[in-house]
Amino acid sequence: MRSAVYLTSSVSGVTVAQVMALVPTSIVAALVDPVRYPALLVAALLTAVFWDAIFAYLRKRNAGFHGITTALIVTVLVPADLALWQLVLTLSLGVILGELIFGGRGFGFLGPAVVAVSLLVFSFPEVQLANGSQALALATLPGALLLFFFGLVSWRVILGTFVGVFALAALSGESVDVVAITTILAFSLIFLICDPTAAAVTNPGRWLHGLLAGGLIVLFSGGSDMTTEAIVFAALTASIFAPLIDHLIILLHARRWRNAHA
Amino acid sequence: MGHHKIRHGHWPSCSPAPVQAVGDTKVVSKVAVVGADFPQLRPTLKVSLQDQVAAGQVLFTDRKHPQIAHVSPVAGTVVDIEYGPRRTLSAFVIERDPNEVLVHETAPIDDNTEASIRRTLLDRGMWPAFRTRPFGRTPTPESKPVAIFVTATQKTASAPDPHVVLEGRLPAFDKGVAVLTELTEGTVHVCQSKEEPLCQAADRVNVVVFSGTAAAGLPSTHVDRLYPVQSGGQVWTIGYQDVAAIGHLFQTGQYSADRVVSITGAMAKAPKLVRTTLGASLSDVLAGEFAPNARPVFLSGDALTGVEASFLGRFHDQITLNERPAAPAERARRTRFNSISRALIPKTALERALAPRILPVPFMRALSVGDSEAARRLGCLALVEEDLAVLSRLCTSGADYGVLLRHVLDDLMEDAA
């Protein structure tokens, strides 16, 4: 337990934990397409590490290796037949705009993987993202447990998202298939919506963040069939609103002192 | 009797628990009044180097508030007066006279009026035992607290148990609490860890039990639950041994510098409680308490918040013997690996690290950019350095949030003045 505390009390330790959590899902993705996936993975890793190194050099700092997690997440989400230049281009923009211009991991408010995949879908409408499979959902589970143990995903966000999805789906009178929804949602929920640097950072805020993301997923899907595109956009929108949610929570929290001794 | 169960603020204690019985009395050769306990205190000396002083004799007063006297814990000779930056006090060292004879006036002191009580506490050196909340500093002589918190909780499992320490001194403690009620128009909260009350609950004396995590022993937690100071007002906190000393002073007219401390830590031969003096030299207290060939670090305070020191801190009741940290070369190597980024990753463990009701991550962000206004809005007035030690350990940024908090509090204190 003490070594667990020690591991995640440095940013590199957090990266190590997240990479460990992503290993099973990458294996599943590799098994689906053993020919194309390695090429995508190598291209993505090189791109992410390249930009990490460039920014570290320009800022005269030690290079982090956090780009690895971004590359691992993105390669699971993109279709196997994606052209390499499209991957390199959108991943570069995602890593730079989502993370590096803010000063690196933990200084920004967006997840670089979410930004990269959103840009991919915006820029190339013909690209269809890989839909979550049962194997991928199962492979997410050990990683999710690991991250939960290290406190890098919040159960409030997870539960909030499910409540949001089910509530809005039920409101719109659709039939709700729990297993199907969980299958599609699992990977993106854990690695995109629950990303600790992109989610809200107060406990009530985490609930609201999850609810918002869940509601937006149903809204963006426009029907009972959830698509990965809708989940990615919902994650992006929710993380843009996360600082605002936190700010409102802070204002509410500060009100308590005003009439503490009334 | 109120009972508060604290769920947050857990930190596993890594020091062994001492035998909870006051053992031998450690007679020390040197004691010191250390400036680190009273930052920015500039002394006006009342004695000079090589002077003979009696126990309880005034050594110096605060230049800003000449009424506040600091007194000598023992009889002896002034051997060293060290200054820090800007003529602040660094250390005032007294060599104890081995043939000390107790010549004290032994009449009870008049405690009829508030003015006489204040004057006695100020003149006889008990005033510096109080600390204000917000800010955690010595109160000004005129200030009136809206409540006083007696910290009679056992801070960690390795700290002395107040019920054991106060055994046989309960009348003095009772008297001390009665004196405190004269200083405030509000309530005196006696916060303790065990059910059995240390003093009689009275009209304005409230005995409260705090149990649960490690944070249940911290005065910030007590203040947060009973009288949150963020909405204005100033409360004072004081340790239980000082309350007993105040009672003793008013009952007998004698200044008591007795302090029961626990000796713990990984390197302590036999963790135990000993009786010694305020500001005692740690190497004297610890002689024979560790293996002969070991070279431990002496921390005044517990393993989490303690600081390496030569003398016992004014507000500490624990001495921790730890292993010497890694050699500089190895530390540098380890830091190089860890200090790739100073970012703050909002882990969920941070939410459970503080017992006072504060939103930790926004608060830590406000501290790290030094935004004192935001920090005040988020409730920094409730805290002092010791509360944030857990956050500093957990956080990925490697920042010392205690230091950052002090910068912000200094800012706010200047604004308030």
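First to last, the protein sequences are chains A and B.
Throughout the first sequence, residue numbering follows the numbering used here, covering 1 to 262 in sequence.
Throughout the second sequence, residue numbering follows the numbering used here, covering 1001 to 1417 in sequence.
We put the beta carbon where it would ideally sit given N, CA and C, even for glycine.
In this text the structure is predicted, and so the values were computed from the model without any measurement.
Identify each residue in the region 130 to 157 of chain A for which the Cβ-Cβ distance to at least one residue of chain B is less than 9 Å, and report them in chain order. Listed by position, the residues of the region 130 to 157 of chain A near chain B (Cβ gap below 9 Å) are F148, F150, G151, L152, V153, S154, W155, R156.
Using alpha carbons as the reference points, say which of B:G1023, B:A1091, B:Q1052 lies closest to P1043 of chain B. B:A1091
Cutoff 7 Å: A1343 of chain B Cβ touching any chain A Cβ: yes
Ordered list of alpha helix (DSSP H) runs contained in the region 1142 to 1217 of chain B, each at least 4 residues: 1162 to 1165, 1170 to 1181
Shorter than 7 Å from the beta carbon of R1419 of chain B to some beta carbon of chain A? Lying before the first or after the last residue shown, residue 1419 of chain B is absent from chain B, which here runs from 1001 to 1417.
In chain order, which continuous runs of the alpha helix (DSSP H) of length 4 or greater are located wholly inside the region 100 to 155 of chain A? 112 to 123, 134 to 149
Short check: CB of V1243 of chain B to CB of F1130 of chain B, under 7 Å? no
Distance between L236 of chain A and A113 of chain A (C-alpha atoms, nearest Å): 10 Å
What are the uninterrupted segments assigned as alpha helix (DSSP H) that are 4 or more residues long and contained completely in the region 1295 to 1374 of chain B, given in chain order? Qualifying alpha helix (DSSP H) stretches, in chain order: 1328 to 1338, 1360 to 1368.
Can you list, in chain order, the residues of its chain whose CB lies under 8 Å from that of G1084 of chain B, leaving out five sequence neighbours each side? G1035, S1090
For A1245 of chain B, I'd like the list of residues in its chain whose CB is within less than 6 Å of its CB, leaving aside the five on either flank, ordered along the chain. S1256
Of all the options B:M1413, B:G1136, B:D1110, which has the alpha carbon lying nearest to the alpha carbon of S1372 of chain B? Among B:M1413, B:G1136, B:D1110, the Cα nearest to that of S1372 of chain B is on B:M1413.
Using a threshold of 7 Å, state whether the C-beta atoms of A1157 of chain B and S1013 of chain B are closer than that. yes
By a C-beta neighbour count over all protein chains shown, 10 Å radius and 16 as the cutoff for buried, is G98 of chain A buried or exposed? Looking at its Cβ environment, which holds 16 or more other Cβ atoms inside 10 Å, G98 of chain A is buried.
Using only CA atoms, which one of B:E1385, B:R1377, B:Q1234 lies nearest to G1306 of chain B? B:E1385
Skipping 5 residues on each side, what residues in its chain have a beta carbon closer than 7 Å to that of F1135 of chain B? L1409, M1413
Any beta-carbon of chain A closer than 7 Å to the one on A1349 of chain B? yes
Within 7 Å of chain B by C-beta, residues of the region 191 to 203 of chain A in sequence order: P196, T197, V201, T202, N203
Which of the residues in the region 244 to 255 of chain A, read from start to end, lie with their CB under 9 Å from any CB of chain B? D246, H247, I249, I250, L251, H253, A254
Ignoring anything shorter than 3 residues or poking outside the region 1060 to 1088 of chain B, list the beta strand (DSSP E) runs there in chain order. 1069 to 1071, 1076 to 1083
Spatial neighbours of C1199 of chain B within its chain, please: CB distance less than 8 Å, with the 5 preceding and 5 following residues excluded, ordered by chain position. L1170, F1173, D1174, V1177, V1190, V1205, V1207
Measuring only the C-alpha atoms, how far is L208 of chain A from F1038 of chain B? 45 Å
For P1160 of chain B, which residues in the same chain have their Cβ closer than 6 Å to its Cβ, ignoring the five residues on either side in sequence? V1260, S1262, L1273, D1317
Spatial distance of T70 of chain A from A48 of chain A (CA atoms): 7 Å
Helix, strand or coil at D1242 of chain B according to DSSP, with G and I counted as helix: Here D1242 of chain B sits in helix by DSSP.
At least three beta-carbon pairs within less than 8 Å, the region 172 to 180 of chain A to the region 96 to 111 of chain A: The region 172 to 180 of chain A makes no contact with the region 96 to 111 of chain A, as fewer than three CB pairs between them are under 8 Å.
Closer than 7 Å to chain A by CB, P1362 of chain B: yes
Is there a Cβ from chain B that is less than 7 Å from the Cβ of F109 of chain A? no
Evaluate I1117 of chain B with the Cβ neighbour count: other Cβ atoms within 10 Å of its Cβ, from every protein chain shown; 16 or more gives buried, anything less gives exposed. Classification of I1117 of chain B: buried, given that the 10 Å Cβ count is 16 or more.
Beta-ladder partner(s) of D1258 of chain B, from DSSP: B:T1277
Closest Cα partner of F107 of chain A within the set B:R1342, B:V1209, B:R1295, B:R1314: B:R1342
Could you give the residue range of the beta strand (DSSP E) that holds D1024 of chain B? 1019 to 1025
Please list, in chain order, the residues of the region 5 to 20 of chain A that have any C-beta partner in chain B closer than 8 Å. V5, T8, S9, S10, V11, S12, G13, V14
Using a beta-carbon distance below 7 Å, is R1377 of chain B in contact with chain A? True, the Cβ-Cβ gap to chain A drops below 7 Å.
Return yes when the Cβ of F1149 of chain B is within less than 7 Å of the Cβ of V1223 of chain B, no when it is not. yes
Sort out for me which residues DSSP pairs P1043 of chain B with in a bridge. B:D1062
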